[in-house]
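Protein chains: 2
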Amino acid sequence: MTILFVSNDEAADVWMREIRAAASGIDLRQPAEIDEPESVVYAIVGRTRPGELRAYPNLRAILSMWAGVEHLLADETLPSHVPIVRMVEPSLTRGMVEYVCCHVLGSLLRVDRYETDRWDHPQRMAPRFAPDFPVGIMGMGVLGSACAKALLELGFPVNGWSRTGASIEGVTCFAGRDRLAAFLSVSRAVVLLLPNTPETRNILDRETFAGLATGAVVINAGRGELIDDDALLDALDAGRVERAVLDVFRTEPLPDDHPYWSHPSVTVTPHLASITDPRTAAPVLAENLARLERGEPVWPLVDRERGY
Amino acid sequence: MTILFVSNDEAADVWMREIRAAASGIDLRQPAEIDEPESVVYAIVGRTRPGELRAYPNLRAILSMWAGVEHLLADETLPSHVPIVRMVEPSLTRGMVEYVCCHVLGSLLRVDRYETDRWDHPQRMAPRFAPDFPVGIMGMGVLGSACAKALLELGFPVNGWSRTGASIEGVTCFAGRDRLAAFLSVSRAVVLLLPNTPETRNILDRETFAGLATGAVVINAGRGELIDDDALLDALDAGRVERAVLDVFRTEPLPDDHPYWSHPSVTVTPHLASITDPRTAAPVLAENLARLERGEPVWPLVDRERGY
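So the protein lines, in turn, are chains Z and E.
0 is the number of the first residue of the first sequence in numbering that gives the first Met the number 0; add one for each residue after it.
0 is the number of the first residue of the second sequence in numbering that gives the first Met the number 0; add one for each residue after it.
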């Protein structure tokens with residue numbers, strides 16, 4: 000039984016070393032090292048090229064090294080009976096909590112205006128505090144829930160929006176498209192942690208930006224496709240949106256001539272909000288491989304209809 | 000009985016309105032409105048000019064609107080028998096927690112390098128997480144303790160250093176000058192929240208910078224006098240200190256030609272880390288006035304020998 004390792008981006012040597020250390024005795028190989036494709040029963044994958052997994056007829060499950068799997072779902076050659084397991088691991092969650100708390104606090108304190116405003120900084124003139132700055136989190140899965148709890152600890156009121164609703168103590172939860180306008184109108188900062196699906200694409204567009212609280216802050220650590228970029232730039236220029244902190248983009252790396260780079264109210268971060276750490280992800284992969292072998296349930300399984 | 004209000008910096012109208020609302024019926028006046036200086040028994044003060052309080056022979060207590068009182072202690076005309084009460088109020092503590100968490104997280108995530116490093120950001124290449132980034136807090140009073148608790152919640156290991164020691168669950172506490180080197184050597188980020196006293200002046204100097212963990216981060220939200228500025232600039236240029244976030248300075252506003260403004264590894268913030276909010280400070284002043292009138296203890300009383 001061979002386990003395939005496919006990554007066209009990540010440091011394969013580091014990942015394979017950590018996975019072998021966590022799941023001792025496994026036969027883990029990269030595509031070029033495989034003589035008998037029939038022997039491959041599991042695949043651990045980062046970025047794959049379309050059709051790349053078609054060579055392995057006996058594939059029983061795909062384990063993603065990433066939280067986002069839309070590139071896999073877009074691969075029409077992938078047999079629909081093969082389950083896909085998304086990555087949820089402690090460092091990825093921790094990194095997202097650190098990123099979101101850092102930039103929600105930075106937006107509250109207007110760190111982007113330190114340099115230009117110097118001593119007459121608006122925060123100095125009219126300090127604003129967490130209890131007056133409700134944060135709305137869109138996407139209340141593992142990452143969204145962890146961010147909600149950390150922001151509550153820091154004193155922010157927290158709203159949560161998701162497709163089907165969530166229940167977290169202290170968080171005001173909104174469910175479904177019908178409640179999106181109500182959610183946006185009471186959230187001073189909006190944190191996007193949604194997956195990229197047909198339902199979520201351009202979820203922040205001209206219509207939804209118009210319903211934001213005036214002076215809202217937009218933080219996107221989900222996927223670039225969630226935002227209509229032109230609508231965001233217009234909302235920024237109109238002052239409806241005070242600031243945007245963007246970690247993800249339709250095209251990555253963000254092209255050098257993109258207006259986001261030079262916009263005074265936009266902070267661009269290079270898709271680093273949450274990075275899988277091989278040291279903590281490898282034990283999760285090992286555990287899931289063992290569970291699959293024992294026929295036990297694995298989590299979180301991708302629902303292809305839902306898109307994540 | 001008249002209560003004097005002296006502030007040469009703050010918005011007197013806002014403060015006086017809030018204080019009158021919190022302590023109804025009091026006779027609160029600014030210096031120019033006072034006909035009989037003998038009637039003044041309490042003074043609520045922000046910045047005072049040296050000798051300014053000498054005109055009031057029956058002063059029984061001074062209530063500071065600020066946490067820092069070194070300007071009062073430097074006024075040799077102030078009668079030594081008049082107690083001084085420092086300001087501790089919820090917004091001041093909250094603001095400091097927000098500032099410190101924001102900049103500790105920003106230092107962990109290297110937000111200062113987003114623009115220059117773009118897609119090859121070091122955090123992307125080698126992510127670092129809170130558990131590997133111990134924060135050392137110098138000054139474990141109300142502000143330091145509150146910051147320590149919030150940083151622990153965010154997953155940072157926390158060390159605390161103070162003159163006499165402190166005891167906070169989960170915080171490794173160091174007491175006294177003898178233990179300063181040990182404290183600094185195990186703290187990746189050092190947060191200064193000490194008062195400005197003869198003992199704390201230049202507490203970070205060439206000798207102590209030499210004992211910092213390599214790549215340490217220095218965050219000063221205490222007083223400018225705590226740091227030997229030339230030694231810090233040299234430590235930054237030598238790479239011993241990775242980054243400094245400075246909110247307080249020997250001269251404020253920081254002069255336009257000061258090297259801190261243009262140094263690529265220094266973030267200057269214009270003394271806004273923690274600002275007293277009249278809405279939450281006025282009830283504290285009212286309560287302390289009532290306690291003084293009833294002969295009850297007030298807190299925190301300034302110890303002139305200690306210097307804070």
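For glycine and all other residues, C-beta sits at the position ideal for the given N, C-alpha and C.
As the structure is a computational prediction, the values presented were derived from the model and not from experiment.
Min CB distance residue i to chain E below 9 Å
i, result
"LEU211 (chain Z)", "no"
"GLY105 (chain Z)", "yes"
"SER144 (chain Z)", "no"
"SER161 (chain Z)", "no"
"SER38 (chain Z)", "no"
"ASP119 (chain Z)", "yes"
"LEU62 (chain Z)", "no"
"LEU153 (chain Z)", "yes"
Residue-chain proximity (residue i, chain Z), Cβ-Cβ < 9 Å
i, result
"VAL87 (chain E)", "no"
"GLU114 (chain E)", "yes"
"CYS101 (chain E)", "yes"
"ILE274 (chain E)", "yes"
"ARG46 (chain E)", "no"
"ARG93 (chain E)", "yes"
"SER90 (chain E)", "yes"
"LEU108 (chain E)", "yes"
"TYR307 (chain E)", "no"
"VAL96 (chain E)", "yes"
Outcome for residue i when other beta-carbon atoms lying within 10 angstroms are tallied against a minimum of 16
i, result
"VAL110 (chain E)", "buried"
"ARG93 (chain Z)", "buried"
"PRO277 (chain Z)", "buried"
"VAL103 (chain E)", "buried"
"MET0 (chain E)", "exposed"
"SER23 (chain Z)", "exposed"
"LEU108 (chain Z)", "buried"
"HIS80 (chain Z)", "exposed"
"GLY294 (chain E)", "exposed"
"GLY169 (chain E)", "exposed"
"PRO156 (chain Z)", "buried"
"ALA289 (chain E)", "exposed"
"TRP14 (chain Z)", "buried"
First and last residue of the uninterrupted alpha helix (DSSP H) at residue i
i, result
"ARG205 (chain E)", "205-209"
"TRP260 (chain Z)", "258-261"
"GLY143 (chain E)", "141-152"
"ALA280 (chain Z)", "277-293"
"LEU179 (chain E)", "179-184"
"ALA54 (chain E)", "No alpha helix (DSSP H) holds ALA54 (chain E); DSSP gives it neither H nor E."
"ALA212 (chain Z)", "Unbroken run through ALA212 (chain Z): none, as it is neither H nor E."
"LEU231 (chain E)", "228-236"
Whether residue i touches residue j by CB criterion (9 Å)
i, j, result
"VAL149 (chain E)", "VAL190 (chain E)", "With the sequence shown as reference, residue 149 (chain E) is identified as Ala, and Val is not the correct amino acid for it. No, the pair does not count as a contact, with Cβ atoms beyond the cut-off."
"ARG239 (chain Z)", "LEU211 (chain Z)", "yes"
"GLY138 (chain Z)", "PRO194 (chain Z)", "yes"
"VAL5 (chain Z)", "ALA42 (chain Z)", "yes"
"SER90 (chain E)", "ALA285 (chain E)", "no"
"THR207 (chain Z)", "LEU183 (chain Z)", "yes"
"GLU97 (chain Z)", "GLY154 (chain E)", "yes"
"VAL247 (chain E)", "ALA272 (chain E)", "yes"
"VAL40 (chain Z)", "ILE83 (chain Z)", "no"
"THR47 (chain Z)", "ASP74 (chain Z)", "yes"
"ARG187 (chain Z)", "TRP160 (chain Z)", "no"
"LEU72 (chain E)", "GLY223 (chain E)", "no"
"CYS146 (chain E)", "MET86 (chain E)", "no"
"ASP236 (chain E)", "ARG249 (chain E)", "no"
"GLY143 (chain Z)", "ALA129 (chain Z)", "no"
"TYR259 (chain Z)", "ALA243 (chain Z)", "yes"
"VAL134 (chain Z)", "LEU192 (chain Z)", "no"
"PRO121 (chain E)", "ARG112 (chain E)", "yes"
"MET64 (chain E)", "THR268 (chain E)", "no"
"ILE226 (chain E)", "ASN201 (chain E)", "yes"
Continuous beta strand (DSSP E) stretch holding residue i: start and end
i, result
"GLU75 (chain Z)", "Unbroken run through GLU75 (chain Z): none, as it is neither H nor E."
"ARG242 (chain Z)", "240-245"
"THR199 (chain Z)", "Element bounds for THR199 (chain Z): n/a, residue is neither H nor E."
"TRP14 (chain Z)", "Premise fails: TRP14 (chain Z) lies in the alpha helix (DSSP H), 11-21, not in any beta strand (DSSP E)."
"MET95 (chain E)", "Here MET95 (chain E) belongs to no beta strand (DSSP E); instead the alpha helix (DSSP H) covers 89-108."
"TYR113 (chain E)", "Not the beta strand (DSSP E): TYR113 (chain E) falls in the alpha helix (DSSP H), residues 113-116."
"LEU62 (chain Z)", "60-63"
"ALA174 (chain Z)", "170-174"
"VAL189 (chain E)", "188-191"
Any non-hydrogen atom of the ligand FAD closer than 8 Å to residue i Cβ
i, result
"GLU69 (chain Z)", "Within the structure as shown, the ligand FAD is missing, as the structure has no ligands at all."
- Closer than 9 Å, Cβ to any Cβ of chain E: which residues of the stretch 244-270 of chain Z, in chain order? If the cut-off is 9 Å between Cβ atoms, the stretch 244-270 of chain Z has GLU251, PRO252, LEU253, ASP255, TRP260, THR266, VAL267, THR268, PRO269, HIS270 near chain E.
Report the residues of the stretch 125-151 of chain E with a CB closer than 7 Å to any CB of chain Z, ordered along the chain. Result list: PRO126, PHE128, ALA129, ALA149.
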